[in-house]
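Visitor:
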Amino acid sequence: MSEAVSTHAGPATAGRPQSTQGPQIQRQFVNFAFYKLDPEFRRLSAEEKQRAREEFISLHSQAHPGMICLSYSTAGLRPDCDFLLWRISLSADDFQAQTARINKSRLGGFLTTPWSFVSMTKRSMYIDKVDPFHTAESRTHIIPGKRKFLFVYPFVKTREWYLLPLERRQELMDGHIKIGNEFPSVKLNTTYSFGLDDQEFVVAFETEELRDFLDLVMKLRETESSKYTHRDTPIFTCIQLPMQKILDQLF
Amino acid sequence: MSEAVSTHAGPATAGRPQSTQGPQIQRQFVNFAFYKLDPEFRRLSAEEKQRAREEFISLHSQAHPGMICLSYSTAGLRPDCDFLLWRISLSADDFQAQTARINKSRLGGFLTTPWSFVSMTKRSMYIDKVDPFHTAESRTHIIPGKRKFLFVYPFVKTREWYLLPLERRQELMDGHIKIGNEFPSVKLNTTYSFGLDDQEFVVAFETEELRDFLDLVMKLRETESSKYTHRDTPIFTCIQLPMQKILDQLF
Amino acid sequence: MSEAVSTHAGPATAGRPQSTQGPQIQRQFVNFAFYKLDPEFRRLSAEEKQRAREEFISLHSQAHPGMICLSYSTAGLRPDCDFLLWRISLSADDFQAQTARINKSRLGGFLTTPWSFVSMTKRSMYIDKVDPFHTAESRTHIIPGKRKFLFVYPFVKTREWYLLPLERRQELMDGHIKIGNEFPSVKLNTTYSFGLDDQEFVVAFETEELRDFLDLVMKLRETESSKYTHRDTPIFTCIQLPMQKILDQLF
Amino acid sequence: MSEAVSTHAGPATAGRPQSTQGPQIQRQFVNFAFYKLDPEFRRLSAEEKQRAREEFISLHSQAHPGMICLSYSTAGLRPDCDFLLWRISLSADDFQAQTARINKSRLGGFLTTPWSFVSMTKRSMYIDKVDPFHTAESRTHIIPGKRKFLFVYPFVKTREWYLLPLERRQELMDGHIKIGNEFPSVKLNTTYSFGLDDQEFVVAFETEELRDFLDLVMKLRETESSKYTHRDTPIFTCIQLPMQKILDQLF
Amino acid sequence: MSEAVSTHAGPATAGRPQSTQGPQIQRQFVNFAFYKLDPEFRRLSAEEKQRAREEFISLHSQAHPGMICLSYSTAGLRPDCDFLLWRISLSADDFQAQTARINKSRLGGFLTTPWSFVSMTKRSMYIDKVDPFHTAESRTHIIPGKRKFLFVYPFVKTREWYLLPLERRQELMDGHIKIGNEFPSVKLNTTYSFGLDDQEFVVAFETEELRDFLDLVMKLRETESSKYTHRDTPIFTCIQLPMQKILDQLF
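Protein chains in written order, with my numbering: chain A, 2 to 252; chain B, 2 to 252; chain C, 2 to 252; chain D, 2 to 252; chain E, 2 to 252.
Have a look at this one:
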């Protein structure tokens, strides 16, 4: 990386990049965008607030073809954000398009984004529950947003981890997975951020029972793989809610 | 965690999650929500401030069925916040409901939340002193808010701690507890945040005598368990006060 | 700490806490409250500024019975604050009372508190130079605020320090104190924050000659005790000034 | 460094500095300036926004003789910035001149710069694709901005790295470069910031395929050189867009 | 430090402090004050801006007897500040006096100070180029501000450094200085902050050729003394400019 020189940019690489892997696998982009409402918005007149509310709910309810977008509230749980948009798409452009719509809205003049994480799946793993055509595939794919609670955090392993032999890493992961299997109520899914964002992974867990996740994480502390964790914060506890209800909490 | 794949979301886990533990124990959610008043509020007219004050006191005095909510001032002690709401409930939804009411209030347009910590008890351990039905149980439960001073901090242990044999950890905790017992005036209680928030524990101490807590913590530094502390800040010194008195301090 | 359970709150501890130490020693609370003026205040009319100035000087000059309150300027020295109130009292309530008065003032609508440190003395060590009754005791007590310069910083030692045998620590401190004695112009005093605030100590040095303190600290770097320092920043260089002169610097 | 004394400034060095290296090589300055639009701008009238938009697009389209300036959007991807200006020039003065023009614009009253990185090339390595005179040289030079995606991050190696023997470092870099060559679709180029900015390098990667970069970085984690990384964040995923389209996303 | 008790303040130290060193050497105070203009200022009318500009230029051009004050622009180079005042004086009071004048100016209502570093020289090392009386002394003193570029950073060494034997430290510094001598175009000077500010040193380099400094710092990475660096950021690249030109860049 650091020794790279400009001659890397030769004619050989001028054309369309060639993947070193076999046939292209559909991979999905994932974005966890956390929003915070500026308290100043609350000082506006009831009428102004109502107009902003209606416009934003309408904006949010519009279908984003090819993009899954789920809404969660973090109000009263996290100090630094109010709600989360969990976005999944085949193209990062879709995140930009929706962000543009939010930016142009009335509420957009009072929203900030304290956190946002970008990642990719290894293959298409999410499907849309409102897509009429998903059937057979659904068994091996995740339909996100089917549980009340979502736990999200960026994850970075120590560099020592990556220098362990592959078999040793598998061994450590086996111990980790064994404990995960004791908590079938917790659905875990992992996305990859290497080079795209500050973390290596964005991990998201869905469950109906908050306490199960707490107990799982507590138990995982005692696995040996745990000592290869470099960073696993901030951790966001999110509650799935329709946008209408989220805005009802905020103003 | 990081190796999890989407097939975890199979039909086997589609139903209601099953806990791996025995009969369900009532566990409580705890939230330490720290608020800061925007100094800009102080520039408003005396009348506007008075209306905001009355509305907020009325809002705060409303009973939140099933939720304990205690108020503490940190004014003049912490630079980054003004007061704390210590909330305890059987459901995290209650925190959201009360937060929504605050957000809709006049004062809500000038409040920010520099810190907020979410945690759970291992079992129901708090009861409400204003609940007419608590009697026998009270002996083994905590009635929070009965002392003038509250000390709160998030707590993270080193990963080495969790890899010690259980007996060794018990041994170290015994030394720790022994010193705690020398300070009977300090009531300590621990809640758990693994996976729910950035810390592993939120620790809260209640006492009538500030100096006793200082001496206790100083003495605990010399225990061997102390070296397994990864993070134990920020530390909040809080003084219990009715909301009316807190607002009298703030504007 | 982390293993504490709710049964700690039994009837045995319900009464007035009993100290494990002998007869109660008078101990003082100390607060170093750093204030910053919002630049927006400077845009107000000359008249508005004058009124705020007069009100604040009057407020500050009022006697706070039982509380020592000294003012220092950090303008032009620290980027993150403008002045310091060094407050000493037998009760933390006094800090809250004075903070309330500041919050209610005109200037209070434009003041923020980037830093504030709370601590305690081991025994009463400060006395008030304007208190007519201090005489004999003065010889063993500090009359704070008698030098032009004050250096303040929060201080945290490594956990390794506390696990050294007491004799070893004494030995290391002896080397430290020996160097301190070479600089008699620097008056040092230490207060304790264990459990009350993020640091373990708040250290304050008073001197007439800035350079003496610089040379002292530089020389202390070479003592062995120096390697047990975990954190000793931020460091504040403060110049004692009456509030009138401080405000003259600020707007 | 720390022992340097003022006598270094003698007559011998008073004249024009003499490089210790052979003939002067043309080296380019590089600046990655990240901008954020204050949400308050969105509250302005449609007309005011339109005027600011036109002015800024016109300003941006003006040729900056001798300076390459490319625009990228980070909207919807990074929480802390909205767009990037990638600037390359023979003189740092050009960055100041363009910054002055931005500062004087209407939009400039609402733009902040959360991040900005300054660096230099080892020799002239970038050329301008709109410069009519570039031909033969183009083969060994980079024409920046020819791919859709740009990944930028500041990079700091551990001090241990620099104390390894040169041959050992070359060996480690060989392993690193070997993997880079497996991803010909990713064009990498490195610039140097030692002493000019907080990082040692600013690394920029261009590609048409986001996933290729993700896979490359993930694979590089397993090289031994990886453990000499001290810091490689924040990482910015940027999408090349004309300024007009960027502003369309922002308001 | 931490074991200090109040009896240190006895009659023996009540008088004027006595330095432990021989005859007093004139030592200078140094302040690097970095300013940022609030973008909101740019939204003012052209007339208001013009008045603020004229007032500030006039204020800045006034002689500060005994104080050297040089101005540098960081616009377009650092994201967190716009300009630097490099101030040198025999008394810290002079920094406060000039800061007071800035605070009272129109522009002062829109200026913040993201960074400010205070330090001292070991002896008087700077002289004023506009002082008519400097002649013979000039050969051993620095006339600051004679080069286009200034590089400033706070510097903290590891505590291990200070516990090395003096001869070993000298040896390591010799290797360091040897490389410095290969770059005669770079004038380096070191000031001391121990106990006065968060860093141990503030290091300032002046040069006409940016690239020489880059190459020097890069080469110094390979010296053994480099591994005793604990912190050497933030690093500021500054361009000397008269205040008039700096303001022309800012609005």
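The C-beta atom is built at its ideal place from N, Cα and C for all residues, glycine as well.
In this text, all values refer to a predicted model and were calculated from it rather than measured experimentally.
Can you tell me whether DSSP reads D:A98 as helix, strand or coil?
Guide: Assignment of D:A98 by DSSP, reduced to helix, strand and coil, places it in the helix class.
Visitor: Give me, in chain order, the residues of the same chain whose beta-carbon lies closer than 7 Å to that of D:R54; leave out the 5 immediate sequence neighbours on both sides.
Guide: L248
Visitor: So A:H61 is in the alpha helix (DSSP H); what residue range does that whole segment cover?
Guide: A47 to S62
Visitor: Rounded to whole angstroms, what is the Cα-Cα separation between D:M121 and E:F237?
Guide: 15 Å
Visitor: Which residue's Cα is closest to the Cα of A:K263: A:A98, A:R107 and A:R79?
Guide: Because chain A is modelled from 2 through 252, residue 263 of chain A falls outside the range shown and cannot be assessed.
Visitor: On the three-pair Cβ rule with 8 Å, is the region 101-116 of chain E touching the region 88-97 of chain C?
Guide: no
Visitor: Can you give me the Cβ contacts of C:G176 inside the same chain, cut-off strictly under 7 Å, excluding the 5 residues immediately before and after it?
Guide: T224, E225 and S226
Visitor: Kindly indicate if chain C contains any beta-carbon less than 8 Å away from that of E:T234.
Guide: no
Visitor: 8 Å is my cut-off, CB to CB: does E:A93 come that close to chain C?
Guide: yes
Visitor: Between the alpha carbons of B:G181 and E:D81, how many angstroms are there, rounded?
Guide: 47 Å
Visitor: Per the contact definition of three or more C-beta pairs closer than 8 Å, is the region 113-130 of chain D in contact with the region 184-194 of chain E?
Guide: no
Visitor: What residues from the region 192-208 of chain E come within 7 Å of chain C, judged by C-beta to C-beta, listed N to C?
Guide: Y193, F195, G196, L197, D198 and D199
Visitor: Taking buried to mean at least 16 other C-beta atoms within 10 Å of its own C-beta, is C:H61 buried or exposed?
Guide: buried
Visitor: For a contact defined as C-beta to C-beta under 7 Å, what are the partners of D:G67 on chain E?
Guide: Result: empty, since nearest Cβ-Cβ is about 15 Å, beyond 7 Å.
Visitor: Could you spell out the range, first to last residue, of the beta strand (DSSP E) harbouring E:H177?
Guide: Not the beta strand (DSSP E): E:H177 falls in the alpha helix (DSSP H), residues L167 to N182.
Visitor: From B:G146, B:V153 and B:S117, pick the residue whose C-alpha is nearest to that of B:V131; which is it?
Guide: B:G146
Visitor: Quick one: does B:M174 have its CB under 8 Å from some CB of chain A?
Guide: no
Visitor: In three-state DSSP terms, what is B:F206?
Guide: strand
Visitor: Counting only Cβ pairs nearer than 8 Å, list the residues of chain E close to D:Y163.
Guide: R222, E223 and S227
Visitor: Apply the 10 Å Cβ neighbour rule to D:E250 and answer buried if 16 or more other Cβ atoms are within range, or exposed otherwise.
Guide: Just to set this straight, residue 250 of chain D is Gln in the shown sequence, not Glu. Burial call: buried.
Visitor: On the three-state DSSP scale, how would you describe B:D233?
Guide: coil
Visitor: Given a threshold of 16 other Cβ atoms within 10 Å of its Cβ, counted over all protein chains shown, does C:Q22 qualify as buried or as exposed?
Guide: Note that C:Q22 scores a pLDDT of 47, beneath 50, so its modelled location is shaky; the value from the coordinates is reported in the next line. By the neighbour-count definition (other C-beta atoms within 10 Å, threshold 16), C:Q22 is an exposed residue.
Visitor: Would you call the region 197-206 of chain A and the region 113-120 of chain A in contact, with 3 or more CB pairs under 8 Å?
Guide: Taking a cut-off of 8 Å for Cβ pairs, the region 197-206 of chain A and the region 113-120 of chain A touch, as three or more such pairs fall below it.
Visitor: Which residues mark the beginning and the end of the beta strand (DSSP E) in which C:M121 is found?
Guide: L112 to M121
Visitor: With distances taken between CB atoms, is the gap from D:S74 to A:Q245 smaller than 8 Å?
Guide: No. Outside cutoff.
Visitor: Going by C-alpha distance, which of B:P235, B:L165 and B:K158 is nearest C:S194?
Guide: Comparing Cα positions, the closest option is B:P235.
Visitor: Considering only residues of the same chain and omitting the five flanking positions on each side of D:P155, which have a CB-CB separation below 6 Å?
Guide: If we look at D:P155 and ignore the five residues flanking it on each side, its Cβ neighbours are F118, Q200 and V203.
Visitor: Which class does A:I143 belong to by DSSP, given the choice of helix, strand or coil?
Guide: strand
Visitor: Could you check how far apart the C-beta atoms of B:F252 and B:L38 are, in whole angstroms? I think they sit under 8 Å.
Guide: 7 Å
Visitor: Whole-angstrom Cβ separation of B:A101 and B:F30, contact assumed at under 8 Å?
Guide: In fact, because the Cβ distance is near 16 Å, the residues do not count as touching under 8 Å.
Visitor: Let's test the definition: count the other Cβ atoms within 10 Å of the Cβ of B:I26 and tell me whether it reaches 16, buried, or not, exposed.
Guide: exposed
Visitor: Using three-state DSSP, classify B:I26 as helix, strand or coil.
Guide: coil
Visitor: Are any of the Cβ atoms in chain D nearer than 8 Å to that of A:M244?
Guide: It does not; no Cβ of chain D falls within 8 Å.
Visitor: Mind listing the chain E neighbours of C:R79? Cutoff is C-beta to C-beta under 9 Å, in chain order.
Guide: T114, S117, V119 and D198
Visitor: Would you decide whether B:L242 is buried or exposed? Buried here means 16 or more other CB atoms lie within 10 Å of its CB.
Guide: buried
Visitor: Looking at chain C, is there any beta carbon in it that lies within less than 8 Å of the beta carbon of E:K50?
Guide: no
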